[in-house]
Every structure is written in structure tokens, then in C-alpha cells.
Amino acid sequence: MRPCPGADPCHGGRVMEDFLNSPIGILSLTVAQTLALLVPLLIGVAYMTWAERKIMAAMQLRKGPNVVGPFGLLQPFADAGKMLMKETIVPAGASRVLFIMAPMLTFILAMIAWAVIPVNEGWAIADINVGVLYLFAISSLGVYGIIIAGWASNSKYAFLGALRSAAQMVSYEVSMGFVIVTVLLCVGSLNLTDIVLAQKGLWFFIPLFPMFIIFFISTLAETNRAPFDLPEGESELVAGFFVEYSAMSFALFFLGEYANMILMSSLTTILFLGGWLPPFDMAPFNWLPGPVWFILKVCFCLFVFVWVRATFPRYRYDQLMRLGWKVFLPISLVWLVLTAAALKIFGWLPA
Amino acid sequence: MIAGLAFYAFAAVLIASAVMVVSSRNPVHSVLYLILAFFNAAALFLIAGAEFLAMILVIVYVGAVAVLFLFVVMMLDIDFTQMREGFQRYAPIGAVIGGILFLELLFVFGAWQSAGQAEALRLNPAPEGVQNTVAIGQVLYTDYIFLFQGAGFILLVAMIGAIVLTHRDRLRSKRQDIGAQVARRTQLDMASVPLGASIGQLGILRPLPPEEEKPKAVTHGQHGHEDHGHGGHH
Numbered sequence: 001m002r003p004c005p006g007a008d009p010c011h012g013g014r015v016m017e018d019f020l021n022s023p024i025g026i027l028s029l030t031v032a033q034t035l036a037l038l039v040p041l042l043i044g045v046a047y048m049t050w051a052e053r054k055i056m057a058a059m060q061l062r063k064g065p066n067v068v069g070p071f072g073l074l075q076p077f078a079d080a081g082k083m084l085m086k087e088t089i090v091p092a093g094a095s096r097v098l099f100i101m102a103p104m105l106t107f108i109l110a111m112i113a114w115a116v117i118p119v120n121e122g123w124a125i126a127d128i129n130v131g132v133l134y135l136f137a138i139s140s141l142g143v144y145g146i147i148i149a150g151w152a153s154n155s156k157y158a159f160l161g162a163l164r165s166a167a168q169m170v171s172y173e174v175s176m177g178f179v180i181v182t183v184l185l186c187v188g189s190l191n192l193t194d195i196v197l198a199q200k201g202l203w204f205f206i207p208l209f210p211m212f213i214i215f216f217i218s219t220l221a222e223t224n225r226a227p228f229d230l231p232e233g234e235s236e237l238v239a240g241f242f243v244e245y246s247a248m249s250f251a252l253f254f255l256g257e258y259a260n261m262i263l264m265s266s267l268t269t270i271l272f273l274g275g276w277l278p279p280f281d282m283a284p285f286n287w288l289p290g291p292v293w294f295i296l297k298v299c300f301c302l303f304v305f306v307w308v309r310a311t312f313p314r315y316r317y318d319q320l321m322r323l324g325w326k327v328f329l330p331i332s333l334v335w336l337v338l339t340a341a342a343l344k345i346f347g348w349l350p351a
Numbered sequence: 352m353i354a355g356l357a358f359y360a361f362a363a364v365l366i367a368s369a370v371m372v373v374s375s376r377n378p379v380h381s382v383l384y385l386i387l388a389f390f391n392a393a394a395l396f397l398i399a400g401a402e403f404l405a406m407i408l409v410i411v412y413v414g415a416v417a418v419l420f421l422f423v424v425m426m427l428d429i430d431f432t433q434m435r436e437g438f439q440r441y442a443p444i445g446a447v448i449g450g451i452l453f454l455e456l457l458f459v460f461g462a463w464q465s466a467g468q469a470e471a472l473r474l475n476p477a478p479e480g481v482q483n484t485v486a487i488g489q490v491l492y493t494d495y496i497f498l499f500q501g502a503g504f505i506l507l508v509a510m511i512g513a514i515v516l517t518h519r520d521r522l523r524s525k526r527q528d529i530g531a532q533v534a535r536r537t538q539l540d541m542a543s544v545p546l547g548a549s550i551g552q553l554g555i556l557r558p559l560p561p562e563e564e565k566p567k568a569v570t571h572g573q574h575g576h577e578d579h580g581h582g583g584h585h
């Protein structure tokens, strides 16, 4: 948006500017931004499934997918093609509309949350004041896709999976909320960009290390990942809430789950690992642009997700509830009070 | 113009879904319509510029309360014919109660008088140069902190009361005592067991032999475990 000295040379530029400021221009700009975010995200989701299989294979001394394309790199697309070709089966006793709506809901929720994620300074599609609350709200809605799927399938296994999932996600949201509040206390703003910028000197995972751990484990529970994948626990519930799903509706659940993992990783990155900031603001580190750092940190979190899955056995249900309510909730509450007290006593309160 | 259109769209969906909450046959559908109504109310808050309230409405009501509603309603085994049986009999009483409530509402709105500053406050509720969230925080936690704490205490008492009234120790249920389990063994012994030897020849190590003063000699089995004992805390 530089000023134009003469009319003729940048006439085209002014027309462009006028167009971008009109409602249609704003709309098309937003659509372009959304596509620029969602297309890499979906490709990332596809390769997340590939990476997960490769990493787990390496950890279990196997080879993993290595047939389709070099290093099996085309495996996700082969899988997607297979999913598309299959028949969508709606069970006879199912509640039709809800049954089809549930995977769409899961997928949509996993996508719209990305509207506020700042990949770089000023790169968020919607840089809203209450970004953290928006993310928290969207992630707490994720349970509906699962619970509706479980109920609408009209199947015992699916229903049990949905009930487990509802209880689990509501439980872990509580401690996640306290962790987020602790971070907000240190920042003094609900805006995600402000949260990242507040970590310029020191990433929050150092002073708030216990909260970082609690938050990460809670995100595992929130995304229904191992060791908290009881909603789909295949040894007892066949596949849990998506037993009855096939073809594209199953693929939507699958995509939604992996997009949620990436979303939670980026939330962890923003809250604790300094978003797009390099570890030190020095020469070799700040050569890499911010988004690359952001992606590297998200990849690290995702690697830990897979690492955990390859390492830990599944929790028993009562142990899961005990961990959420009797361990994480008190610890995060006490740490919240401690943080508030420390900020007040040492006069570190922001603003 | 767009904001006006959006307002009417959201308000229309809100009212329609509120009607569906009371009129749909399946209670699960009712709860889902209720959730839709919450959403549209949140959207109306957003249009009014109260983004904090909108998000809190979604987090608290949709994310937590409605999940519990749905949880309970999904597990109910409702006999719809039985539920509809008394409708004719109770309809007049319901109509009378509804009429009284409607009249009361009419009286309230008829006698409504807003304060002099209300008009200006309604137009820009947040003080100049302060974000909506900050403004709510100032009102709640600075201006009216004691009332806020009082409300919190009342809720706490209600919660404790509910727990005291409903909590019973079930004597026969088995509980896991994680502390006892964790404290059960002080050390792990790895032993190489001779091939083909039965338990009858070797004997069972139970209860554990009393602890002796010996260095933690970990005799490696044939699998060559490197670092056990850091499996994370459970």
C-alpha cells in the first residue's frame, strides 16, 4: 500500500487496491487466504498419516509403507483414492441425517479453528481479540461430532465409545482451561499474536514447565489419541464411535482427527513454544523465516504424539478419570495460584 | 446492511430452533436444537460486539452443559406413547400457567423504565479505548469483587450440598489404591531363568524376599534391556 506519485504508472495498482477494499474483494481475499492455509494443512494431514506409520514402523523395527511411490510417499493418496471408491453404508437403524452430519461436523470444526492460528506475525486469517477463547470453544465442540456419531449409529459399541469420549473430553478440558488461564496471566491478552510476542525473551515452557506437560497430556486426551484412545479402543469396542462408518464418512473422521492433532500441536506451539519465534534471536537462527520455525515446532509436537502412541499402553478408564480429576486438576489449580502470586509479588504482571 | 441481515438471519434461526427444542419428538433432537440455539445466541452477541460473552457462552453452555444434557438424554429410555398420554388432561393447566407468565412479562415490559444514561451506555458499553474483555474484567473483579465472590461462595455451597446429599460410599465396590500398588515393590530383579526348568523346580518368588543391602545388580536377561524403570509415572 505505497502511495502513488503519478496517476498513470500505478493505475492498475490503485484499481487492485479499490477492489481489495470492496466487500467482494475482502471476501475473495479471505477465500484465497483460507485456501492458502487449508490446502497445505490437508496435505500435511495426509503426510501426517504417512509419517505416523513410518515413525511407528521405525520404532517397532519394521519398514512401514514403502511400496506406493518412493519411500511409500504416495501411500496417503492411494488410501484416499480407496476411501473415495468405497460405498458409504448407512445402517438400517441409524438416524440418517445425524449419522451423515456427525463426520462433517468433526471435519468442519477441525478446519474452522485454523482461522485464528497465527503462523507468522500478522498471518492469521482472523486476528481476533479472543483468539484463545475461540480455539478453546472450538476444541470443546469437537466432542459433538463423536457423541452424535455414537448415538446416531444405533450400535452399542459406537454408543459406549461416544459416552467414554464425552466424559473424557469434558474432564480434560477443565485442566486445559486452567493451563490456558495461567498462560494468559503471564501475557495479559487473549490474542494469539500477543501471546507469541510475549514469549520473545523466554518461551513459556521454561517457567511454566509443569503446565506444559499437563497441557500436552491433556491435548492427547482431547484428541482421543493413545494412551487415551478409549473412545475407539479396538480391543474392547471394535472401533468405538466410528464402527458403523465406511468410505468417505470414515475418511472425514480420520482427517478430522489428524487435523485436530495438528491444531493442538500448533496451540501448544503458540502457548508454550514461542510460535514462529526462533529459539535465539541470533544470526544462524533467524535466517529461517518464522513460518518454518512454526512448522518445525508443530512437527516436533506431532512426533511426540506418535512417539507416545508407539510407547505407552492404553489407560484403563477409571485411571484416565483419576488422572484428569485427581491429579491434573489440583496440580494445575495450585500452579495457577502460585503463578498469580509470583506475578503479583515480583511485580511481573503485564500492563 | 450486512450486519443487519446477519442479525435477522441468526435471530430467525434462533427462534426457529428454540421452537424445535420444545416441539421435536425426540429429546436428543431437542438437545441438539438447543445447542443450535446457543450458537445463534453467541452469534448475536458477536454482532453486538460482545465477543467475550459469545465465546464464554459457547465454551460453558455448548461445550460443557449441553454435553452433559446430551449425555443424560441419550441414555434415557423414554416411552413416547406414555409421555404423550396425559397431554389432554394437563393441557388446560399448562395453558393457565403459561398465560399467567405471559401476563407477568407484559406487566414487566409495560412498567419498564430505563435509566437516563442507559441509552448512551447501550451504544458503547465498553469505556473508551478498552477492550470488551478488559471492560468486563474491570466490572467483575474490580468494581463488584465482593458481590462476585459472594456469588461464587453460593455456588460452592450448592455444589458441596449436592455432593453431600448424593455421595455414598459403596462398601462392596473395589477400589484401586494406586499408592499401595506403587509402593509394593522396591526393586525389580531381572533373572536369567534356565531353559526348560519348571516352576516346581525353581519355586515362586512370593512374597518378595526381605530387602537386603545389595547393590542394584541388574543381571541382564537374554533380551538385553537397557533402561527399564523410566516408563513414566502412571
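Just so you know, the protein sequences line up as chains A and B, in that order.
Counting in our numbering, the first sequence runs from 1 upward without gaps.
Counting in our numbering, the second sequence runs from 352 upward without gaps.
Every residue, glycine too, gets a C-beta built ideally from N, C-alpha and C.
Values in this document were obtained by computation on a predicted structure and should not be read as measured data.
Between which residues of its own chain and PHE216/A is the CB-CB distance below 8 Å, once the five residues before and five after are set aside? Within the same chain, PHE216/A has close Cβ partners THR268, CYS301 and VAL304.
Starting from ALA167/A, follow the alpha helix (DSSP H) in both directions and report where the run begins and ends. Element bounds for ALA167/A: 156-187.
Could you tell me whether the region 41-57 of chain A touches the region 305-321 of chain A, where touching means 3 or more Cβ pairs closer than 8 Å? Short answer: they touch.
Is GLN75/A near the ligand NAP, with its Cβ less than 8 Å from a heavy atom? This structure does not include the ligand NAP; it has no bound ligands of any sort.
Which parts of the region 21-73 of chain A are runs of the alpha helix (DSSP H), unbroken and 4 residues or longer, counting only runs that do not cross its ends? Fully enclosed alpha helix (DSSP H) runs of 4 or longer: 23-59.
Between ASP127/A and chain B, is the shortest Cβ-Cβ distance under 9 Å, so that the two count as touching? No, ASP127/A lies away from the interface with chain B (no Cβ there is under 9 Å from its Cβ).
Is TYR144/A close to chain B, meaning its C-beta is less than 9 Å from at least one C-beta of that chain? For TYR144/A, the answer is yes, since a Cβ of chain B falls inside 9 Å of its Cβ.
Assuming SER266/A is part of the alpha helix (DSSP H), what are its boundary residues? Residues 247-272.
Under 9 Å by beta carbon: chain B residues contacting TYR157/A: The premise fails here: TYR157/A is roughly 15 Å from chain B at the closest Cβ pair, so nothing lies under 9 Å.
From LEU397/B to ALA405/B, what does the alpha carbon distance come to, in whole angstroms? Taking the straight line joining both Cα atoms gives about 6 Å.
Take PHE499/B and list the residues in its own chain whose beta-carbon comes closer than 6 Å to its own, dropping the five residues that flank it on each side. Only LEU491 meet the Cβ criterion.
List the endpoints of the continuous alpha helix (DSSP H) containing ARG322/A. Unbroken alpha helix (DSSP H) run through ARG322/A: 317-322.
Using a threshold of 9 Å, state whether the C-beta atoms of ALA110/A and ALA259/A are closer than that. Yes; because the gap between Cβ atoms is below 9 Å, this pair is in contact.
Quick test of the definition: if touching needs 3 or more C-beta pairs under 8 Å, does the region 69-82 of chain A touch the region 219-235 of chain A? They do not touch, by the three-pair rule.
Given that TYR134/A touches chain B, what residues does it touch there, using C-beta distances under 8 Å? Those within 8 Å of TYR134/A in chain B are MET406.
Considering only their Cβ atoms, is the gap separating PRO118/A from TRP335/A smaller than 9 Å? Between TRP335/A and PRO118/A, the gap from beta carbon to beta carbon reaches 9 Å or more.
Between VAL481/B, LEU522/B, ALA394/B and TYR412/B, which lies nearest to LEU385/B when the distance is taken from Cα to Cα? When only C-alpha atoms are compared, the closest one is TYR412/B.
From which residue to which residue does the alpha helix (DSSP H) around GLN439/B run? For GLN439/B, the uninterrupted alpha helix (DSSP H) run begins and ends at 438-461, by DSSP.
For ASN191/A, count the other beta carbons within 10 Å of its own beta carbon; 16 or more makes it buried, fewer makes it exposed. Which is it? Its Cβ being crowded by 16 or more others within 10 Å, ASN191/A is buried.
So which residues on chain A does MET425/B lean against when the C-beta distance must stay under 7 Å? Taking the beta carbon of MET425/B as reference, the chain A residues within 7 Å of it are TRP151, listed in sequence order.
Consult DSSP for VAL243/A and reduce its assignment to one of helix, strand or coil. In this structure, VAL243/A counts as coil in the three-state DSSP scheme.
So is ALA513/B buried or exposed if we call it buried at 16+ other beta carbons inside 10 Å? Exposed, by the Cβ-count rule.
Nearest CA to the CA of VAL90/A: which residue from VAL39/A, ALA149/A and PHE204/A? It is ALA149/A whose Cα lies nearest to the Cα of VAL90/A.
Just to confirm my understanding: we take THR223/A, look at its own chain, exclude 5 residues before and 5 after, and list those with CB closer than 7 Å. What are they? Sequence-distant Cβ neighbours of THR223/A in its own chain, meaning closer than 7 Å and more than five residues away, are GLU257, ASN260, MET261 and MET264.
Between PRO65/A and TRP50/A, is the Cβ-Cβ spacing less than 9 Å? Yes, the Cβ-Cβ distance between PRO65/A and TRP50/A is below 9 Å.
Give the single residue among LEU421/B, PHE403/B and ARG535/B whose Cα lies nearest to the Cα of ASN377/B. ASN377/B has its Cα closest to that of LEU421/B, out of LEU421/B, PHE403/B and ARG535/B.
Ordered along the chain, which non-local residues of its own chain (more than five positions away) have a Cβ less than 7 Å from that of VAL45/A? For VAL45/A, where only same-chain residues beyond five positions count, the Cβ hits under 7 Å are LEU255, TYR258, ALA259 and ILE262.
Since ALA247/A and THR88/A are thought to touch, with beta carbons under 8 Å apart, how far apart are those beta carbons, to the nearest angstrom? At roughly 4 Å, the Cβ-Cβ gap stays under 8 Å, so ALA247/A and THR88/A are in contact.
SER171/A and TRP325/A - do their beta-carbons sit closer together than 9 Å? The answer is yes: Cβ separation under 9 Å.
When the cut-off is 9 Å and only beta carbons count, does VAL364/B lie next to chain A? No, VAL364/B lies away from the interface with chain A (no Cβ there is under 9 Å from its Cβ).
In whole angstroms, what is the alpha-carbon distance linking THR517/B and ALA509/B? When rounded, the separation of the alpha-carbon atoms in THR517/B and ALA509/B is 12 Å.
Answer yes if the region 204-213 of chain A comes into contact with the region 125-136 of chain A, meaning at least three C-beta pairs across the two stretches below 8 Å, and no otherwise. Counting C-beta pairs with one atom in each stretch, the region 125-136 of chain A and the region 204-213 of chain A have fewer than three that are closer than 8 Å, which means they do not touch.
Can you tell which of ALA502/B, GLY530/B, VAL424/B and ILE407/B has the C-alpha that lies nearest to the C-alpha of SER381/B? The residue among ALA502/B, GLY530/B, VAL424/B and ILE407/B with its C-alpha nearest the C-alpha of SER381/B is VAL424/B.
Please return the same chain residues whose Cβ sits closer than 7 Å to the Cβ of ALA392/B, not counting the five positions on each side in sequence. Answer for ALA392/B: LEU365 and LEU408, listed in chain order.
Sequence-distant residues of the same chain with beta carbon closer than 7 Å to ILE214/A, five excluded per side: Within the same chain, ILE214/A has close Cβ partners SER175, VAL179, PHE328, ILE331 and SER332.
Shorter than 9 Å from the beta carbon of HIS579/B to some beta carbon of chain A? The predicted position of HIS579/B is uncertain, since its pLDDT is 44 and thus under 50; a value taken from the coordinates is nonetheless stated next. Output row for HIS579/B: interface = no.
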